Amino acid sequence: MTTEQAETAEATPRYQELRHSVRLLLSNPVSAAGAAGVLLLLLTAALAPYIAPYDPLAINLQGRFLDPSGEHLFGTDHLGRDVFSRVVWGSRVSLTVGLITLIEASVLGTIVGLVAGYKGGWVDSLVMRITDVFLAFPSIILALAVAAALGRGLTSVMMALGITWWPLYARLIRGQTLSVREEQYIEGARLSGAGGIRIMFKHILPNCMAAIIVQISMDVGFTILAAASMGFLGIGAQHPSPEWGLQCASGAKYLVYQWWISTFPGLAIFLSVISFNLLGDGLRDVLDPRLRRG
Amino acid sequence: MTKTILEIRDLRTYFYTYAGVVKALEGVNLRVNEGDIFGIVGETGCGKSVTALSILRLVPNPGRIIGGEIIFEGRDILKLSEEEMRREIRGKGMAATFQDPSTFLSPSHTIGEHLKDIIKANADDPRGLKGRELNERIISTLAKVNLPDPERVADQYPHELSGGMRQRSMIATGTSGRPSLFIADEATTFLDVTIGAQILRLFQEMNRVDGTTIILITHNLGIISEICNRVAVMYAGQVAETCTTEALFKKPLHPYTVGLLASIPLIDREADELEEIPGTIPNLIHPPEGCRFHPRCKHVMEVCRREVPTICEVSQGHEVACHLFNGEVRSDG
Amino acid sequence: MGDPLISIRDVKKYFPIRGGLFQSTVDNVHAVDGVSFDIERGETLGLVGESGCGKSTLSRCVMRLVEPTSGEITYNGTEISEIPRKEYWRRAQMVFQDPRSSLNPRLTIGYSVGEPLIVRGVGAEEVRSRVTEFLGIVGMNPEHFSRYPHEFSGGQRQRLLVSKALITDPEFIVLDEPTSSLDVSVQAKILNLLNRLKAERSITYLFVSHDLSVIKHMCDRVVVMYVGKVMEIAPKDEIFGNTLHPYTRLLIDSIPNPGAKEERTMMGRESIELPSNIDLPMGCRFSPRCPHASEECTRAQPELVEVEPGHFVACHMYGK
Amino acid sequence: MKLGQYVTKRLLQFVFVLLGTSIILFTVSHVIPADPVRAAAGPKATPAELEAIRVKLGFDKPLPVQYVIYVTNLLHGDLGRSVVTLRPVIFDLAERLPATLELSVFSLAITVIFGITLGIYSAKNRNRLGDHAIRFLSLGGISMPSFWLALLFQMVFFLRLGWLPGGGRLSSGMVPPAHLTGLYVLDSLLTGNLATLRDALWHMIGPAVAQSAIGIASVIRMMRAGMLEEMTKDYVTMFRSAGVRERTVVYKYVLKNSLVPVITLIGVMFGSILGGSFIIEQVFQWPGVGSYGTQALLNLDFQPIMSITLVMSFMYSFSNLVVDVVYVYLNPKVSYE
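Chains as they are written, first to last, in my numbering: chain H, 139 to 432; chain A, 24 to 356; chain R, 5 to 324; chain E, 942 to 1278.
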């Protein structure tokens, strides 16, 4: 009775599948470029003290408004600070804000979405109505109001963005949970005698991970943009932080003659975000082609 | 001598996937006579649906027809341009209906809109056909597939119809151009037996009344026995056996056909245990050398592992691709 | 025959349809509408019908996956809602229709098959040895323990699911269309396996299917359902040899089959649909499609009556 | 459920959302700040002013009572007073709302028109040069910080090239058209003042493009992906097998089916346009609600911030209401749930 043993055509253990995904991701030059950009950003942030030639906060009033040159790659700003060093150090700020915000939002959103989707009924309705209310604010505006209430500074920005972002994750995970819940193996798990917690975390959550990873990778870019916008509006990072949005704002006054002060930090934001977006697109195609989004 | 409407010679269709080249069809030969209800039967992955799409030249990406001939009404359609194919062959010459009508109809258009464009595409004078006349054509097309209340169906969206009515509507989209060849790919698989039986009767009626030749693709041997007069059994991208339906059930030759017939529970047969065919269908990226069935065959010989069997006509109209019958021409008995 | 293993009495399951501004119940889907029959110890009982007849809902009621609206189901004489779920699911198990969606793609075979033991606190070592033992019983290799479902074909997955259902040594298994998504040659292997297991382990089966040929091959007795109601119950030979109910007749005649080329009187040309479970016909549910329908059939629902020993039918043409 | 019934239900939901919004904003303004009185009164308030605010907003009372006072004030149009302009917020908003409305509706129109047409073009010409260019630009569009794009615009088209004005709604010296709606384009059209119309439109180009870049890019991406996905659907095979022209299949069937999900995105895009107005209006000196908000943020002028948030969420919810109704109207498959 072992007639079917010989026929496992594609006997690939789990890690091989992962390796396959990674290879597939990197085989697309566009996603590979995104991955490289993200890696570069991570390295820059990690090695900032070694890369930056100057102290990003050191004021030198004699050396104000210097043109980009070999000595000052991106020139100096209105206080004589080296723009290149500030851009390098700024990567730490942006990455921190982006990642912390998304960890807050995805952990909270996942738990809420999982429970709402699995329990259904009034729990689900209540959660959905609450997310409706949060999503009734145009993007970023609620974050601005919350940050204003919390007071200026990066901590408020991270709190404010987390508060406005979790409903998106709650909805995503709820949707995933609803579809996974319909799978026969959930009924099978109930018949095994598995309880709600086991079903949610052992059976459903692993099947949502692909969606969560894709969403996070696509959202890092957005959170970096949002945090920079808040910095630009003066509600986020405060002087003399090398935060990119703040740098753009302080350079805006000198746009006519000292274009470099706000152009380079802006470019840094742009390149970081585009890298995350490319990586996110690639991950989505590899991990879950059904998750198409705007 | 009956006239041949469709002849397929050495058809090869490959799919160029990431994992490798799937040789979905590897040398398919078929001949369908005018007025036949011709069955193609086989299990998952045997290539029966790819055959249907190849005949229509609608093999989806990453698939391609890479060789062979498909001679339809005397012309090799693989040599036609896409425009000729659309204007002269599809719709008017041949048309099809598919397995799952809920995806083969556009969700946000009514059945009437579907038919309007199809009828116009196949009309000799599309501009002259409008208003009342077009409307009448739509209704009569729907009435022909025995849909009750065709006026109402024309105004309904696919999701508002039941499975049986959707399948009938889709058959209507195929028949509206009055094709001489109609391909039905698993048209009753998603339907309940009693509803499916009605659809089969509709095919018989199309065949009898309009003289439409029908190619019926199915995995269900019962359906073949019910309405087909000739049948081809496919296995792993090749035709194993072609014969009349009667011969298929009374005197199957190919070991795969024999095994398949013995493995199904039939309503008028008592059996304590069903026959099993050992092993499973092969991977078509690396198909077995020689005869593709040899790893599972009870009668496997040395030659089967090496050489692809040629087709031999064992008796009048009964062809089999198996080394057991190679060179041997049997008289009846 | 002794006491039945499971006895189903007047079970109803309605699903509310909500609508309107405040999501109030506007109507009900009468999925199962007053069904009674027994499942005898050691038999294979076939439950046959077309989509919407309620066979799946009913089998889920028996498995306590769905709570019936009313009626009672007893197991060994005890009302099943009084048996603790874990205990009940140790004795009664189920194999589902679609083996592709019945195994969690993210979990190993070892976990999926062994889960009934794991949730009952069995130690890892014992789980492992039991799972490998049962993998062997269904013809799979012990090495498959740490593999993932995507590495297996449909037929193999169904074997794995059978081994999962067996692992707590149940005496009763519901088989819900266990082969209808498999190829015919694979179906033969699974059906043979199920029959062998039944003989070896004296299990009682409730075999749910829409395919009468499979039912005939597998079952001792057959229950025919139509739109939430039982139409006919009889031993297999009676159902096929002495068909009484016109619906059963239609069902048998609809099977595409080499032996039945002649015209069938039962079927009209026009597309006829199954009635919905929402707006039900007044009298016999089959009366709109029935060629023998009389005025009485459109008025009153026929009772299920025993016309011959063990042969029950719900039709006005019989009984009294 | 009938469409009318759906609309009623959706309106009820709208009211519910507004209620929820007020609760969130109440929390933000009354619960989150360390010293809500100080927050409401502004950093430079005198002890007397602080006391007046405390009494007026009932800060000495329990939270539910405070909420009732808060809602009552809202319903009376009392949005507090700006500590910068020293005027009631409602007056400031009334003055500035038309400018924002005009710009954001214009931006939305650009988003829809360019997003959809370029998306279709891109999908139809898949993997050709035009498609690659559009994909590259749309990827840039969603990755570009809007303030940076606005600054680049200013630098290139105003400072260097002088093609576009530096900011404002009209050139200096140009007299605004007679106040009918407050929307300059509409007013100048109604009064037949073509020179003003041209000037007003000319001033809108810069901010509108900067403001709609993300939206256009998102719509392109979704439209393209949607079209390409629809093209692989089974019904396309069915139409081809019946001999229907490719053009008819694509522009009639594929297009309609792929437009359906884009409609929901348009609502979201209106939200992102409104959110972007803070930055864009600031950079282009557009005298609207957004630049008012930016000023308020800089001065932590709390009452205007809260009011703007409220007004914008109202506009956004309302636009989503419209979008949902259109969606249901266009998509027969929705069961109005």
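Idealized CB from N, CA, C, for every residue including glycine. All values reported here derive from a predicted model rather than from experimental measurement.
Selection from the options that minimises the alpha carbon distance to residue i
| i | options | result |
| --- | --- | --- |
| LEU9 of chain R | R:VAL36, R:ILE84, R:VAL117 and R:HIS221 | R:ILE84 |
| PRO20 of chain R | R:ASP14, R:ASP31, R:ILE12 and R:ARG13 | R:ASP31 |
| LYS1193 of chain E | A:HIS137, A:LEU76, A:GLY58 and A:GLU49 | A:HIS137 |
| GLN322 of chain H | R:PRO250, R:GLU54 and R:LEU165 | R:LEU165 |
| HIS315 of chain R | R:ARG200, R:SER63, R:VAL234 and R:PRO295 | R:VAL234 |
| ILE311 of chain H | H:THR248, H:SER165 and H:ILE337 | H:THR248 |
| TYR307 of chain H | H:GLU381, H:ASP357 and H:SER317 | H:ASP357 |
| SER413 of chain H | H:SER367, H:LEU363 and H:SER223 | H:LEU363 |
| GLN101 of chain R | R:ILE77, R:GLU155 and R:VAL212 | R:VAL212 |
| GLY1109 of chain E | E:PHE1259, E:SER1232 and E:LEU959 | E:SER1232 |
| VAL256 of chain A | A:GLU342, A:LEU81 and A:ILE141 | A:GLU342 |
| ILE243 of chain R | R:PHE156, R:PRO313 and R:PRO285 | R:PRO313 |
| LEU1169 of chain E | E:SER1153, E:VAL1190, E:GLN1152 and E:ASP1140 | E:VAL1190 |
| GLY245 of chain A | A:THR211, A:THR265 and A:LYS321 | A:THR211 |
| MET368 of chain H | E:PHE1032, E:THR1235 and E:PRO974 | E:THR1235 |
| HIS1144 of chain E | E:LYS1002, E:LEU953, E:THR1052 and E:PRO1117 | E:PRO1117 |
| GLY53 of chain R | R:THR208, R:GLU236 and R:HIS221 | R:GLU236 |
| MET1085 of chain E | H:LEU409, H:ASP419, H:VAL176 and H:ASP423 | H:LEU409 |
beta-carbon residue i near the ligand FMN non-hydrogen atom, thresh 7 angstroms
| i | result |
| --- | --- |
| SER185 of chain A | As for the ligand FMN, it is missing from this structure, which has no ligand bound. |
Sequence-distant residues of the same chain with beta carbon closer than 7 angstroms to residue i, five excluded per side
| i | result |
| --- | --- |
| LEU1271 of chain E | VAL1201 and ILE1204 |
| THR85 of chain H | Chain H is shown only over 139 to 432; residue 85 of chain H falls outside these bounds and no answer can be derived. |
| VAL371 of chain A | Given a span of 24 to 356 for chain A in the structure shown, any question on residue 371 of chain A remains unanswerable. |
| VAL331 of chain A | GLY313 and CYS314 |
| GLY1123 of chain E | PRO1039 |
| ASP1265 of chain E | ARG951 |
Contacts around residue i, its chain only, beta-carbon distance under 8 angstroms, and the 5 residues preceding and following it disregarded
| i | result |
| --- | --- |
| LEU297 of chain A | ALA285, SER286, ILE287 and PRO288 |
| ILE915 of chain E | Because residue 915 of chain E is not part of the residues shown, which for chain E are 942 to 1278, the question remains open. |
| ILE194 of chain R | GLY159, GLN162, ARG163, VAL166, PRO182, THR183 and LEU186 |
| PRO285 of chain R | PRO279, SER291, PRO292 and THR302 |
Residues from the stretch 241-254 of chain R in contact with chain A, defined by Cβ distance under 7 angstroms
LEU254
Taking Cβ-Cβ distances below 8 angstroms as the criterion, which residues of the stretch 1145-1176 of chain E are in contact with chain A?
THR1173, LYS1174, ASP1175 and TYR1176
Could you check whether the stretch 1008-1026 of chain E touches the stretch 1191-1205 of chain E, counting it as contact only if at least three pairs of C-beta atoms, one from each stretch, sit closer than 8 angstroms?
no
Taking only beta carbons into account, state which residues of the stretch 152-173 of chain R come closer than 9 angstroms to chain A, listed in chain order.
SER157, GLY158, GLY159 and GLN160
Residues, ordered as in the chain, of the stretch 192-207 of chain R that lie near chain A by beta-carbon distance below 8 angstroms
ALA192, LYS193, LEU195, ASN196 and ASN199
Could you name the residues of the stretch 140-153 of chain A whose beta carbon sits closer than 7 angstroms to any beta carbon of chain E, in the order they occur along the chain?
ASP140, ILE141, ALA144 and ASN145
Ignoring anything shorter than 4 residues or poking outside the stretch 206-284 of chain A, list the alpha helix (DSSP H) runs there in chain order.
216-233, 244-250 and 268-273
If we require 4 or more residues per run, which alpha helix (DSSP H) segments fall completely within the stretch 1028-1102 of chain E?
1030-1065, 1070-1084 and 1087-1094
Contact between the stretch 281-297 of chain R and the stretch 247-261 of chain R: three or more CB pairs below 8 angstroms?
yes
Beta carbons nearer than 9 angstroms to chain E: which residues of the stretch 103-119 of chain A have them?
GLU105, MET108, ARG109, ARG110, GLU111, ILE112, ARG113, GLY114, LYS115, GLY116, MET117, ALA118 and ALA119
Output the residue ranges of the alpha helix (DSSP H) runs that lie fully inside the stretch 169-231 of chain R and measure 4 residues or longer, sorted by chain position.
188-205 and 216-222
At least 3 beta-carbon pairs within less than 8 angstroms: the stretch 1055-1064 of chain E vs the stretch 1072-1085 of chain E:
yes
Short of 7 angstroms Cβ to Cβ, which residues in the stretch 211-223 of chain R face chain A?
HIS214, LEU216, SER217, VAL218, LYS220 and HIS221
For the stretch 230-248 of chain A against the stretch 95-111 of chain A, are there 3 or more C-beta pairs whose distance is under 8 angstroms?
no
Inside the stretch 94-120 of chain R only - beta strand (DSSP E) runs reaching at least 3 residues
96-99
Fully enclosed by the stretch 321-373 of chain H, which alpha helix (DSSP H) runs are 4 residues long or longer?
322-330 and 343-370
Could you say if the stretch 951-970 of chain E and the stretch 1243-1256 of chain E meet the contact criterion of at least three C-beta pairs nearer than 8 angstroms?
yes
Can you confirm whether the stretch 165-178 of chain A touches the stretch 124-138 of chain A when touching is taken to mean that 3 or more C-beta pairs between the two stretches lie within less than 8 angstroms?
yes
With a threshold of 8 angstroms, are at least 3 pairs of Cβ atoms found where one atom belongs to the stretch 324-342 of chain H and the other to the stretch 106-113 of chain R?
yes
Contiguous alpha helix (DSSP H) assignments of at least 4 residues, all confined to the stretch 1214-1261 of chain E
1230-1239
Short-range partners of chain E found in the stretch 387-409 of chain H, where Cβ spacing is below 9 angstroms
ALA387, GLY389, ALA390, LEU393, VAL394, TRP397, SER400, THR401, PRO403, GLY404, LEU405, ILE407, PHE408 and LEU409
When you compare the stretch 1152-1162 of chain E with the stretch 1206-1216 of chain E, are there three or more beta-carbon pairs, one atom per stretch, that lie closer than 8 angstroms?
yes
What residues in the stretch 1082-1105 of chain E bring their beta carbon closer than 8 angstroms to a beta carbon of chain H?
ILE1083, SER1084, MET1085, PRO1086, SER1087, PHE1088, TRP1089, LEU1092, LEU1093, GLN1095, MET1096 and LEU1100
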